[in-house]
Amino acid sequence: MDSLTNYLFVSAALFCLGLYGVITRRNGVAVLMGVELILNSANINFLAFARFGGMNITGHVYALFVIVLAAAEAAVALAIIINIFNNFKTINVDDVSQLRQ
Amino acid sequence: MITGNIITDFCLLILFLPVVAFAINIFIGKRLPRQGDWVSVGAILITLVLSLSMLMNMFMNWDPNFSHEVQFSWIDLGAFKIELGFWVDNITIVMLVVVALISSTTHIFSLEYMKGDIRYSRYYAYLGLFTFSMNGIVLANNLISMYIFWELVGVSSYLLIGHWFEKHSAANAAKKAFLTNRVGDIGFFIGIMLMFTAIGSFNFQDLFSGISQGMISGQLLTLAGVGIFLGAVGKSSQFPLHIWLPDAMEGPTPVSALMHAATMVAAGVYLTVRLFPLFSPDALLIIAYVGGFTALFAATIAVTQNDIKKVLAYSTVSQLGYMILAVGVGNYVAAFFHLLTHAMFKACLFYGSGSVIHAMHHSLHELNDHDTDPQDMRNMGGFKSKMPITYWTMAIATLTISGVPFFSGFLSKDAILAGTLAFAQHYPQHFLLPLFGFGAAAITAFYMFRLIFMTFHGEAKMPKVFKGIHESPRAMTFPLILLSSLSFFIFYTLPYLNPFSDHGWFTELIQASDSVVKGNPTAGEIYEGIHHAHYPAMALSLLVAGFGIGMATLMYMKKKISADIWSAKMGFLYKLSLNKYFFDENYDRFLYQPVLKLSRAIAYADWDLYDKYFINGFGRVTKWLAFLTGRLDYDGLDQKLVDGVGRTAQGFGNQLKNVQTGRLQNYMLFALAGVIVILVMQTI
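Residue numbers (the numbering used here), protein chains in the order written: chain S, 6 to 106; chain X, 1067 to 1750.
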């Protein structure tokens, strides 16, 4: 079995776990953690293809890019969550459904 | 030296300065100091200076064949082309001076006469409009621009006759003048179109050369000529369209002097003078008879009129008849000569009557008498001592119009009478024409002296009013003095000083050109005939003038012959004359009423038959159809189709609303499902 496939399996598993977390968690912070997992699965993909893809792709740069972006995204998302808490006194995303009406 | 382009510039300035004054006065005149009269007076004085400098230039060049033509294209549609332009020759220059001079004196006279008028600035604006249009006629080199300015002159005449439109009679007179002119103008237009159809140009020179090449001839040419002449009949108030001019005296007196005596009514004569070469022999004969008859006929009406302005109005009609007669017998230079001298002395007479009316008006105003007619000569008498300047200037003008030697009228009238006499000698069957001419001359002398005697001599008929009569202010006497001095022969015969011959700058600089129609005598032949008839005509005209003056003196000055007994003796004729031959009444009975009846019948057919059954029926059918369509549209289309689409959309929306849960995770799930669907579709 090619070693690239292994990496992709790991990556896919990580993606599914992240997606599961995003969809099922009610807690806003947990949803955020799911998103982080998804991002990291993408990072693994980038690195795996860069290393074994044989296509001369420089994926490392994108991995670094994504890490920085994830940090920024986490900062913004946490700020939003804090604001939600200030307004609704909860961070349960199901209770924050004012747009529906 | 003025040559070439500078003449064009001068003409443009002369033409457009008055219209600039018109625009300024009509829009902001009321807000200007002195209501803007100085704008108009300034503009007209500048045009006077320009015209006079052109006249000086004419004298310096001394060229009888001087001609300057400019034209530019106005409408160009390939085959149909209209060009506008100027044709300046010696006739044009003299006419420009006449218009500018009379117009300036009118502007000055009006400063006093119209003082305090409610529409003072508008009055001056219209004067500017008139001067502009009159100059347009004078300068025109083609029939189209002639016609345009012809109508503009008609409009300004309408506006000025109706200046005091609160008075019913003034408003009616304005309408009458305009409509009567329209009748003539239709003929004019037909004439223009006949010429254009045959020759393909409106330009005078093209017309002349086209006719000499025979592009239009025979009866068609006669018809076209008579059509164009009909325009002149309307504007120059000739029989049978003479009815408007006496009524036009409802306008302010300076306007009567400017338009209805000196310039506008002369436009018809000017037109025939300008286009003389294109009239066929038959057309000229018609022109001669219309003119001659008008001259005599109007003079017989003037004899019995008591309104001072009406006398002058009929006198103008009669004098214009003279000019038309002269054109008809081929002596068109004499016609233009009489136009020139007549402009001066008739304007002077009108200003004189204006001065008298002004004085009467003020006197009556002080007496608080609003019933006495200030224009009726029977209320005057003995004004000589109170208004010496008005008296003497009017007396000079009266001598001039009567044809007394040493005055200009003698020369021009004599030239016309010599022309008719020569014509009758050549064609003895037309012996009536000189009879018309000499008869009118005798009557003219009679009624003019009657006017002078009734107004200025004898005893005052109304002593109370007489006490309040004063000489008019300087702005009014100045034009009188100026124009009466221009009635002396010397201004027309220079550099020669023979008072019995019209030989002078005028005859040397303005020479007749040959007619381009075959069958007409050449200018040389006409001149030859006149030369022979000159002295007999002079002797005769002196005789008849003397007779007329003598009769007037005996009747109204010495009272040797009682006018009352004579009028009673000739009761029928007197009544005919006093009532102007019942022209207005007969026109009313035989022309207006039948037309009105016809109109009523047509109105009945149109309104009660056509409208009621056809048009209204059409309306009902449409209404019914519309109702049907309405039902179909509303109940069928709207309810089922249009609203149906809306309802369907609403139903879908309600169904889809449930998908929108507001739960973030649901949306994520949908997104995931979407991605999976896309992936699956890509793989397949």
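Yeah, the Cβ is synthetic: ideal placement off N, Cα and C, and Gly gets one too.
Task: Sub-7 angstroms separation of phenylalanine 1295 of chain X and isoleucine 1353 of chain X beta-carbons - done: The residue labelled residue 1295 of chain X in the question sits at position 229 within the second sequence. The residue labelled residue 1353 of chain X in the question sits at position 287 within the second sequence. Going by beta carbons, phenylalanine 1295 of chain X and isoleucine 1353 of chain X fall inside the 7 angstroms limit.
Task: Contact list for isoleucine 28 of chain S against chain X, beta-carbon separation under 8 angstroms - done: Translated into positions along the first sequence, residue 28 of chain S becomes position 23. What isoleucine 28 of chain S touches in chain X: Gln1731, Met1734, Leu1735, Leu1738.
- [ ] List the endpoints of the continuous alpha helix (DSSP H) containing glutamate 41 of chain S.
- [x] As a position in the first sequence, residue 41 of chain S is number 36, starting the count at 1. It spans 33 to 57 - the alpha helix (DSSP H) in which glutamate 41 of chain S sits, taken as one unbroken run.
Open item on the list: Tell me which residues of the segment 1694 to 1728 of chain X have at least one Cβ-Cβ distance to chain S shorter than 9 angstroms, keeping chain order.
Closed with: Taking 9 angstroms as the Cβ-Cβ cut-off against chain S, the residues of the segment 1694 to 1728 of chain X that qualify are Gln1726, Thr1727, Gly1728.
TODO: Can you grab the Cα-Cα spacing for the pair valine 1 of chain S / asparagine 48 of chain S, in whole Å?
DONE: The structure shown has nothing for residue 1 of chain S, since chain S only spans 6 to 106.
Task: Residue-chain proximity (isoleucine 102 of chain S, chain X), Cβ-Cβ < 7 angstroms - done: Taking the first residue of the first sequence as 1, we reach residue 102 of chain S at position 97. The amino acid occupying residue 102 of chain S in the given sequence is serine; isoleucine does not appear at that position. Interface criterion met: the Cβ of serine 102 of chain S is under 7 angstroms from a Cβ in chain X.
Open item on the list: Between isoleucine 1750 of chain X and chain S, is any beta-carbon pair separated by less than 7 angstroms?
Closed with: Within the second sequence, the letter at position 684 stands for residue 1750 of chain X. Chain S, which has no Cβ nearer than 7 angstroms to the Cβ of isoleucine 1750 of chain X, makes this no.
TODO: Give the residues from the segment 86 to 98 of chain S that approach chain X closer than 8 angstroms (Cβ to any Cβ), ordered along the chain.
DONE: Taking 8 angstroms as the cut-off between beta carbons, the residues of the segment 86 to 98 of chain S near chain X are Val98, in sequence order.
- [ ] Give me the Cα-Cα distance between glycine 1612 of chain X and serine 1421 of chain X, rounded to the nearest whole angstrom.
- [x] Locating residue 1612 of chain X in the second sequence gives position 546, where the first residue counts as 1. Locating residue 1421 of chain X in the second sequence gives position 355, where the first residue counts as 1. Annotation: glycine 1612 of chain X to serine 1421 of chain X spans about 28 angstroms, alpha carbon to alpha carbon.
TODO: Please list, in chain order, all residues of the same chain as lysine 1412 of chain X whose beta carbon is under 8 angstroms from its beta carbon, the five residues on each side excluded.
DONE: One-based indexing of the second sequence puts residue 1412 of chain X at position 346. Within the same chain, Cβ atoms closer than 8 angstroms to the Cβ of lysine 1412 of chain X are found at Ala1323, Ala1327, Ala1328, Leu1378, Ser1381, Thr1382, Gln1385, Ala1463, Ile1467, the five residues on either side in sequence being excluded.
Task: Alpha-carbon spacing of valine 57 of chain S relative to leucine 69 of chain S, whole angstroms - done: Within the first sequence, the letter at position 52 stands for residue 57 of chain S. Within the first sequence, the letter at position 64 stands for residue 69 of chain S. A quick correction: the sequence has phenylalanine, not valine, at residue 57 of chain S. Rounded to whole angstroms, phenylalanine 57 of chain S and leucine 69 of chain S show a C-alpha spacing of 18 angstroms.
TODO: Could you tell me which residues DSSP puts in a beta bridge with glutamate 1149 of chain X?
DONE: Here the question's residue 1149 of chain X lines up with position 83 in the second sequence. Paired residues: X:Ser1139.
TODO: Would you check if the distance between the CB atom of glycine 1387 of chain X and the CB atom of threonine 1370 of chain X is smaller than 7 angstroms?
DONE: Taking the second sequence and counting its residues from 1, one reaches residue 1387 of chain X at position 321. Taking the second sequence and counting its residues from 1, one reaches residue 1370 of chain X at position 304. No.
- [ ] Under 9 angstroms between beta-carbons, which chain A residues line up against leucine 24 of chain S? List them in chain order, please.
- [x] Absence of chain A from the displayed structure is noted, the protein chains being S and X.
Task: Reference isoleucine 86 of chain S; option with closest CA among S:Leu74, S:Leu37, S:Ile43, S:Phe54 - done: On the first sequence, residue 86 of chain S is found 81 positions in, with the first residue counted as 1. With distances taken between CA atoms, isoleucine 86 of chain S lies nearest to S:Leu37 out of S:Leu74, S:Leu37, S:Ile43, S:Phe54.
Task: Exposure of leucine 1205 of chain X, with buried meaning 16 or more beta-carbon neighbours within 10 Å - done: Counted from its first residue, the second sequence places residue 1205 of chain X at position 139. Burial check for leucine 1205 of chain X: the Cβ neighbour count within 10 Å reaches 16 or more, so the residue is buried.
Task: Pairwise C-alpha distance: alanine 1692 of chain X and glutamine 1731 of chain X - done: In the second sequence, counting from the first residue as 1, residue 1731 of chain X sits at position 665. In the second sequence, counting from the first residue as 1, residue 1692 of chain X sits at position 626. The alpha-carbon atoms of glutamine 1731 of chain X and alanine 1692 of chain X are separated by roughly 58 angstroms.
Open item on the list: According to DSSP, simplified to helix, strand and coil, what is aspartate 1313 of chain X?
Closed with: For the purposes of this step, residue 1313 of chain X is taken as the residue at position 247 of the second sequence. It is helical.
- [ ] List the DSSP bridge partners of phenylalanine 1554 of chain X.
- [x] Here the question's residue 1554 of chain X lines up with position 488 in the second sequence. Beta bridge pairing from DSSP links phenylalanine 1554 of chain X with X:Phe1473.
TODO: Would you mind giving the Cβ-Cβ distance between aspartate 1568 of chain X and phenylalanine 1403 of chain X, rounded to the nearest angstrom? I have them listed as a contact below 8 angstroms.
DONE: On the second sequence, position 502 is the one that residue 1568 of chain X refers to. On the second sequence, position 337 is the one that residue 1403 of chain X refers to. Right, their Cβ atoms sit about 7 angstroms apart.
Task: Which residues DSSP lists as bridging valine 1204 of chain X, in chain order - done: On the second sequence, residue 1204 of chain X is found 138 positions in, with the first residue counted as 1. Beta-bridge pairing by DSSP links valine 1204 of chain X to no other residue.
Task: Nearest-angstrom beta carbon gap, leucine 1406 of chain X and glycine 1358 of chain X [assumed within contact, 8 angstroms] - done: Locating residue 1358 of chain X in the second sequence gives position 292, counting from the first residue. Locating residue 1406 of chain X in the second sequence gives position 340, counting from the first residue. Actually they are not in contact, since the Cβ atoms of glycine 1358 of chain X and leucine 1406 of chain X sit about 21 angstroms apart, beyond 8 angstroms.
Open item on the list: Less than 8 angstroms between C-beta atoms, sequence neighbours within five positions excluded: which residues of the same chain meet that for glutamine 1705 of chain X?
Closed with: Here residue 1705 of chain X refers to the residue found at position 639 when the second sequence is read from its first residue. Around glutamine 1705 of chain X: no qualifying Cβ.
Task: Cβ pair count under 8 angstroms reaching 3, the segment 1442 to 1450 of chain X against the segment 1333 to 1341 of chain X - done: Pairwise C-beta distances place the segment 1442 to 1450 of chain X out of contact with the segment 1333 to 1341 of chain X, as fewer than three of them are shorter than 8 angstroms.
Open item on the list: I'd like the ranges of any alpha helix (DSSP H) spanning at least 4 consecutive residues and lying wholly in the segment 1505 to 1589 of chain X.
Closed with: Runs of the alpha helix (DSSP H) inside the segment 1505 to 1589 of chain X: 1529 to 1533, 1540 to 1551, 1556 to 1559, 1571 to 1575.
Task: Expected contact under 8 angstroms - CB spacing of phenylalanine 1254 of chain X and glycine 1293 of chain X to nearest Å - done: Counting from 1 along the second sequence, the entry for residue 1254 of chain X is found at position 188. Counting from 1 along the second sequence, the entry for residue 1293 of chain X is found at position 227. Contact flag correct, Cβ pair sits at about 6 angstroms.
Open item on the list: Runs of 4 residues minimum, wholly inside the segment 1333 to 1365 of chain X: which ones carry the alpha helix (DSSP H) assignment?
Closed with: Annotation note: the segment 1333 to 1365 of chain X contains no uninterrupted alpha helix (DSSP H) run of length 4 or greater.
- [ ] Could you check what DSSP says for asparagine 11 of chain S in three-state terms: helix, strand or coil?
- [x] The residue you call residue 11 of chain S lines up with position 6 of the first sequence. Reduced to three states, the DSSP call for asparagine 11 of chain S is helix.
- [ ] Given a cut-off of 7 angstroms, decide if methionine 1623 of chain X and phenylalanine 1473 of chain X are closer than it, judged by their beta-carbon atoms.
- [x] Stepping through the second sequence from its first residue, residue 1473 of chain X is reached at position 407. Stepping through the second sequence from its first residue, residue 1623 of chain X is reached at position 557. Not in contact: phenylalanine 1473 of chain X and methionine 1623 of chain X (Cβ atoms no closer than 7 angstroms).
- [ ] In angstroms with no decimal places, state the Cα-to-Cα distance between serine 1223 of chain X and leucine 1608 of chain X.
- [x] The count along the second sequence starts at 1 and reaches residue 1223 of chain X at position 157. The count along the second sequence starts at 1 and reaches residue 1608 of chain X at position 542. Annotation: serine 1223 of chain X to leucine 1608 of chain X spans about 36 angstroms, alpha carbon to alpha carbon.
Open item on the list: Could you compute how far the alpha carbon of methionine 1064 of chain X sits from the alpha carbon of arginine 1185 of chain X?
Closed with: Missing from the structure shown is residue 1064 of chain X; chain X here goes from 1067 to 1750 and no further.
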